[in-house]
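Here my numbering = 1-based position in the sequence shown + 526.
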Amino acid sequence: MKVVSFTEADPRLPKPGWTRLGLARAKNFSIGYFYRSAGHASIQHHHPSEQVSVIIHGQMKVTGADGTDCILGPGDSVYFAPNEAHCIEHAGTELAVGIDIFAPARNCDLWMNQ
Numbered sequence: 527m528k529v530v531s532f533t534e535a536d537p538r539l540p541k542p543g544w545t546r547l548g549l550a551r552a553k554n555f556s557i558g559y560f561y562r563s564a565g566h567a568s569i570q571h572h573h574p575s576e577q578v579s580v581i582i583h584g585q586m587k588v589t590g591a592d593g594t595d596c597i598l599g600p601g602d603s604v605y606f607a608p609n610e611a612h613c614i615e616h617a618g619t620e621l622a623v624g625i626d627i628f629a630p631a632r633n634c635d636l637w638m639n640q
């Protein structure tokens, strides 16, 4: 068993207005908690990991490769298949908070190396 205290989670600051906290990580999955400020948006990207994002607070707009988009609010989630192109952007005025789950595990290198 491995316990990770929220106050001791691995913080990453990939971009201004975006904080990620690594909560749990193993070979087959990673779980992170995120905060995104108003105006934050990711570039369209893809990765070999499956991804599930769950919104806890605020609103996020998700856009698929075909341009289809949807606004997610508290309690909503989205699934991205491996290598499915997508982007996620803050869609409200208040802080957006959520959880990202990746399988297999991935890191923030894409964002940290821009």
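Glycine included, C-beta positions come from ideal geometry on N, C-alpha and C.
- Task: May I ask you to list the residues that DSSP assigns as paired with F606?
- Result: As a first step, residue 606 is located in the sequence shown; it is residue number 80 there, counting from the start. The partner list for F606 (beta bridge, DSSP) reads Q577.
- Item | Start-to-end residues for the beta strand (DSSP E) that takes in I569 | Working through the sequence shown from its first residue, we reach residue 569 at position 43. Unbroken run through I569: none, as it is neither H nor E.
- Item | Outcome for F628 when other beta-carbon atoms lying within 10 angstroms are tallied against a minimum of 16 | Sequence index remark: in the sequence shown, residue 628 carries index 102 (1-based). When all chains shown are included, F628 counts as buried.
- Query: Since P537 is in the beta strand (DSSP E), which residue starts that stretch and which ends it?
  - Reply: Working through the sequence shown from its first residue, we reach residue 537 at position 11. Residues 536-541.
- Message: Here's a check: name, in chain order, each residue in its chain whose Cβ is nearer than 8 Å to the Cβ of S535, leaving out the five neighbours to either side.
- Response: Taking the first residue of the sequence shown as position 1, residue 535 is located at position 9. Before going on, a small fix: residue 535 reads as Ala here, not Ser. Counting only residues of its own chain and dropping the five nearest sequence neighbours on each side, A535 has a CB closer than 8 Å to the CB of L547, G548, L549, Y559.
- Task: Determine, using beta carbons only, whether A564 and E615 come nearer to each other than 8 Å.
- Result: Translated into positions along the sequence shown, residue 564 becomes position 38. Translated into positions along the sequence shown, residue 615 becomes position 89. Taking C-beta atoms as the reference points, A564 and E615 fail to come closer than 8 Å.
- Message: Going by beta-carbon coordinates alone, are A622 and H583 separated by less than 8 Å?
- Response: Here residue 622 refers to the residue found at position 96 of the sequence shown. Here residue 583 refers to the residue found at position 57 of the sequence shown. Contact flag set, yes.
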